[in-house]
Structure formats: C-alpha cells, structure tokens
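The sequence shown maps to residues 2 to 622 in this note's numbering. Have a look at the structure below, then the notes.
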Amino acid sequence: MIARLVLTGHRRLLAAHLLALSLLGAVLGGMLGTLVRARDAAAALRSAPLMTTHLLSRISQLGGLINFTTMVVVIAGVVALMLSGTIASFTVEGFAAASRSLRLLGASRRRVRAGLVAGVLPAAAPALVAAVVLAPLVSAVFRMILTVGGLDTRDLTVSPEPAATAGAWAALVVLDVLALWWRGRGLAGIDADAPAPRPTAAPLAAVRRRARAWGRPLALAAGGAVLVRLLREPMSVDRANAVPLGSALAAVVLLWALSPLLVRAVGALVKRAGAIGLATGGLLVAHRGRVCSLALVGSLLTTLGTTSYLLAAASSTVVQWEAARTLRASAWTASPVPRDEAAAAAGAGVLISPFDADSGWVLEAEPASTALLRRIDPAAMGAMVVEGQVVAGSLGDVTGTAVAADADGHELGERLFMHDDAGNRIALTVVALVNPLSALAGALVVDDSTFPVADPRAVVHRACALAPGGIDAVRRAAPSAEWMTQEEQLSRITAHEATAKALTVASMVGPVAAVVLLVLVRGAAGLADDLRVQVGRLRRLGMSRAAVAGALVGVGLTTALVMVVISGLSVLPPLIELRGLLEGFGVDYPLTPPGGMIAGLWAAGGACAVAGLLRALRERR
C-alpha cells in the first residue's frame, strides 16, 4: 500500500529520483566505456607483429589515458556514493509529510521506510535504459575533455558499453537502496516536530565528550611537537619528500587546533557591524568547531596539492642542476651546429659536441620500449665530462655500434639489440659505463658521426661547447647557432619543467578537488540543517530573509578565511625547507607555489561553503 502511495502520489519526486539515477549511471557508464575501449586498443597494438616507435608512443599515450581515466572513474564513484546520500535525503524530505500521516494512521516506522524503498525501486529499470542510451553521449563529451587536457583519443569509439553501464547501474541501485534506508531512519513520527529518536549509549556519549574536550589540545601539542622536530632537523636529499610533507601536515593539524581562536576573533569583530554582523558573530561563536572542521577539508587539499607541486619542482630542479655540473660547458644551444663549423671551431680551440636526443629506435626487451639515444662527439664530450663521471671504460671507445650506458642496469660487454620502424635490426655493445646521475645518464650514448639516424623527425637537437674564452669565444667560433650560458639554459629547462609539473599536479588535483568540494558542500549543508532552528528564531525576531542570508554568507566566507589561513601558513614550512635544500646545492632558482591553483581552490572552497550554508533558508515541511 505504501509503495503504491509513493508511486501514485509522488510522481514528481520519483521523476527527480529517476533522473538522478539515469544521469549518474550514464556518467559512470560512459567513463567506464572509455576505459574499456582504451584498454582494448592498447591490447590490440601490443599484438602487432612488428613493434615500432609510433606504436610504442601510442601505447604509452593509451597507458596515460587509462591511468587518468581509472583515477577519474574512482573519483566519480566516490562522488556517486556521496550523491546517493544527497539524493536519498531529498527524496526522504519530500516524503516526510506523507510519512507523518501514515504514522498517524498507525503504520510503523520500519513499514514506512520499507514502503518508501519499494516505491522508489521501480524507477531503477527505466534508469538503466536511460543510462545505456545516454552513456555514448557522456563518452563523447569525456573524450572532448580528455583531448583538451592533452590526451589523444582519436582511435577510441563512442559506441555503447551495456555491460559497463549495467555494472555501474547495479552498484548505484544498491547504494540508492542503502542510502534510502539509512536516511529514512529520521522520518518524523506522529508529531511533525518530533524526529525519530537516536539513542546513544552512555559509554559512547562519554567518549565523545572526552574527545571534544581533549581532541584539540592533543592535536595542538602533537602538531606543534612534530613541526618543531622536523624544522630542527637538517634537510637532505634522502629526506626531501618525508620532511616537507610531514611538516605541512603537522602545520595543518597545529593550525586547525588554533583555528577556533581565529573564528572567535572574527565573530567578536563582526558583531559590531549591525544586525547582520551580530547574527553572523553569534552563529560563528556557537558553531566555531563545525566551521573549523569544514575549513580543514579544503585546507588539506590545498596544502597537499601545493606541497606536491613544490616537491616535484624542487626535485626536478636539483636533478637538472646536478647533472649540468657533471659537464664543463661554456655554452649551450638548442639548434644543430654544422659539422664543418664545429671542425673549424676546434681549430680555434673551441670544442663543440652534439647533445641530441634520438627516439627513433625500438629496444628489443620484454616488454619492448623506445630506446632513447644520446648522440655526441665522443672526443669533444670526453674533454667536457667531469672526471669520475665515466666509471668504467672510456668515451673514446664509443663509435659505430659501441655505446655507453648507465652503470646501474648495464655492464661492460653487454649486448643490446634494437630495430627501426622498418624492421632493420642492429646489435650494440656496451663499452663504457657512466654515473647514473651524470648528464649522460638515462640514455644509450652513441657517436653522432658513425651511428645511423632511423628517423630525422625523432631527433631533438642540442649542442654544448667548451672554450677557454667562455661564451663570447663560442659565439665567435660558431655564429650560426644561438648560444646561451649554462645558467640560462638551466633556467629555461627548469621553468619549462615547472610549468609542466604545475599542469600535471593541477590535472591530478582537479578530480580530487571535485570530490573534496562536494564533501565541503555536503558538510556545509549538514551544518545548515542544524542552523535552521536558529534561523527560525532570527526570522521571528524580525530579521528579513535577505538579512539572514547575509549572516549565512558571512559564516561561509569566514570558513573560506580559515581555509586560507590554515593552508597558506601550512605551505610555508615545506617551502622554506625546499628553498634551503636548493640553496644548499647552489641552485639559483626561485621556487614559488602555484598561485593560480591555490587561488582557484580557495575561491571554490568559499563558494561551496556559502552554497551549502544557504540551505538553512529552506523551510521545514
């Protein structure tokens, strides 16, 4: 009977529920379909009879697309879990009036909940059909987003994936039923203002009281002690990850424990700003713990995202500078130097060596991979390499198919096999080993004049030079190239890599931020539900709806302010430590946080807090 009542008397409510299930199923199904097709495409390419650099490049691209899509699917699943609770809350709220009538007629609370679930379940079947139909559209839109993000989706179809969509739909239905049953526990009883009792065991209540009383002091002490300990320890390369991350998290805990003082101070300050300020200050002081908890959610994301970027930028900078120090180069250029010009320069005492990166060969290993070659002039490079960087053999022996390789992973006399995209096979012999931290590391070093080029388009040109007269002598001896000092070249490389690191971190933080912001909205909405009684009292005191909304906006903006303070100050310890590490290595590079990403997260966090709190203006039914 109750299920029939739900079906016939709450059609608009069911329509909204159906729409939500359909959209969530379509989104998850479309993303899962893209993931399945990307995996199938990669598997098909791996079965090719001849592996080429183009195939390997595409397999690598698909691997990146698979990893990114998997992460997005997981995050979307978490979002769907949270949205299921939100959708269930709206559905239960819409059924609240009917539940009170049913309870008045003698229906038990359990029977009302079961009837609500049974009445909503028929919406699941059309939701599956709608999800299967809409999933290809979602997949097409998702492909466009991936393309804008720099991922190649040209060989992926957008055909329906019924199995993936049905799996997503089944998971959503289970979540929906559980959420409806859980949210339905709060359906009102016979008295419209009497929500379902939620008894709490006395021991549990005592634990909660002690946690509220001692939680922040303990967090303050622990965060402060850990932060002081980490800041007193000297920075080193082997601690370059643990110490900055640890200090950032310790600072977050410490500042979160102190944040109620900030909220109280803001509340006392705004109380002087008329009626709206008085209401805002009162709400802030009364709910300062909840406000600080909401700010903590956004602060953790901002702090960890910024610290991750700083770690990545600092580590890559140190690697680049340390590698550069293994070469005594007076100047660098990103353009090829003609061999006749280099030979003429050698007559004038200026040594010039190519430093080209050649990715036109396939290394025959298991699995096959692109063989990165470093094309050099062994004689000129031998004079530039700092003593001790060639740990075995000699660069003078590098010629033809005799190559140098990293000391880690290779040994003298080792035989390696490669082929080009046409299938022409070549055998290599390792005749020299280089320090894995040197500028020559990470590639097979070959003689540019005697080793063949498989594909000129796969060669990225660079060259370095050594001259007693410095860069001026190099420019006079080889005027066809645009030369720069080693410091200028390093600054360009590190700036380019910093931009790439920022984009990478932003692409990783973005999906996580969507989840965190949704949690922030939901948490703010939960606080808003608790504020409705106070909002009602403010309205009865004569405050207009606009004035009350202004007070709620003030609470939301204060939440954003606390988030700014916590995350902004928490980033300072890792920033100071990593700058000190760079200075210790003699690296002259201005390590700075990604201001755009931080400002965007702060603005989004504040907007979400305000949006969730405005829910308190809704009237109870």
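Think of the CB as a built atom: it goes at the ideal place given N, C-alpha and C, for glycine as much as any other residue. Remember, it's a predicted structure, so these values are computed and weren't measured experimentally.
Secondary structure within the stretch 244-296: the alpha helix (DSSP H) runs of 4 or more consecutive residues, fully enclosed, are 275-287 (chain order). Secondary-structure assignment with DSSP links T430 through a beta bridge to A403 and R416. Here T327 carries a coil assignment [DSSP, helix/strand/coil]. Within the same chain, Cβ atoms closer than 7 angstroms to the Cβ of G424 are found at L51, the five residues on either side in sequence being excluded. DSSP places T559 inside the alpha helix (DSSP H), whose first and last residues are R546 to S571. Contact between the stretch 469-486 and the stretch 375-395 is absent: fewer than 3 CB-CB pairs across the two stretches fall below 8 angstroms.
Counting along the chain, R375 sits inside the beta strand (DSSP E) bounded by residues S370 to I377. Within the same chain, Cβ atoms closer than 6 angstroms to the Cβ of T53 are found at D422, the five residues on either side in sequence being excluded. With the rule of 3 Cβ pairs closer than 8 angstroms, the stretch 389-406 does not count as touching the stretch 66-81. Inter-segment contact for the stretch 342-349 and the stretch 488-499 is absent: fewer than three beta-carbon pairs are separated by less than 8 angstroms. Between the stretch 572-581 and the stretch 311-322, the count of C-beta pairs closer than 8 angstroms reaches three or more; the two stretches touch. D153: not part of any alpha helix (DSSP H); DSSP gives it neither H nor E.
Along the stretch 436-463, the beta strand (DSSP E) occurs as fully enclosed runs of 3 or more residues at 445-448, listed in sequence order. Between R546 and L618, the gap from beta carbon to beta carbon is short of 8 angstroms. In the structure shown, G410 adopts coil according to DSSP, grouped into three states. Only residues of its own chain outside the window of five on either side were considered, and among them V563 and V566 have a CB closer than 7 angstroms to the CB of L263, listed in chain order. A distance below 8 angstroms between beta-carbons, with the five flanking residues on each side excluded, links V130 to no residue of its chain.
Excluding its 5 nearest sequence neighbours in each direction, P127 has C-beta neighbours in its own chain below 8 angstroms: L19 and S23, listed in chain order.
Contact between the stretch 448-461 and the stretch 365-383 is present: 3 or more CB-CB pairs across the two stretches fall below 8 angstroms. Here DSSP, grouped into helix, strand and coil, assigns P355 to strand. A residue is called buried once 16 or more other Cβ atoms fall within 10 Å of its Cβ, and A164, having fewer, is exposed. C-alpha of S58 to C-alpha of P437: approximately 25 angstroms in a straight line. The beta carbon of A346 is closer than 6 angstroms to those of I353, A478 and A479 in its chain, skipping five residues each way along the sequence. Note: G394 is bridge-paired with A433 in the DSSP secondary-structure output. Residue pairing for W333: DSSP places it in a beta bridge opposite C465 and M485. Two segments are said to touch when three or more pairs of C-beta atoms, one from each, lie closer than 8 angstroms; by this definition the stretch 280-291 touches the stretch 535-552.
In the structure shown, the three-state DSSP call for S160 is coil. For a cut-off of 8 angstroms, the C-beta gap from G606 to D456 is around 48 angstroms, too long to register as a contact. Taking 3 residues as the shortest admissible run, the stretch 15-78 contains no complete beta strand (DSSP E) segment at all. The shortest C-alpha to C-alpha distance from P453 to any of L374, W257, H497 and G350 is the one to L374. The Cβ atoms of S571 and V338 do not sit closer than 8 angstroms to each other. The residue from L157, V75, A330 and A115 with its alpha-carbon nearest to that of A180 is A115. Residue state for L542 is assigned as coil, using DSSP reduced to three classes. For the options L256, E415, S336 and G306, the alpha carbon positioned closest to that of G597 is the one of G306.
By the Cβ rule, the stretch 553-562 counts as touching the stretch 266-282, because three or more pairs are nearer than 8 angstroms.
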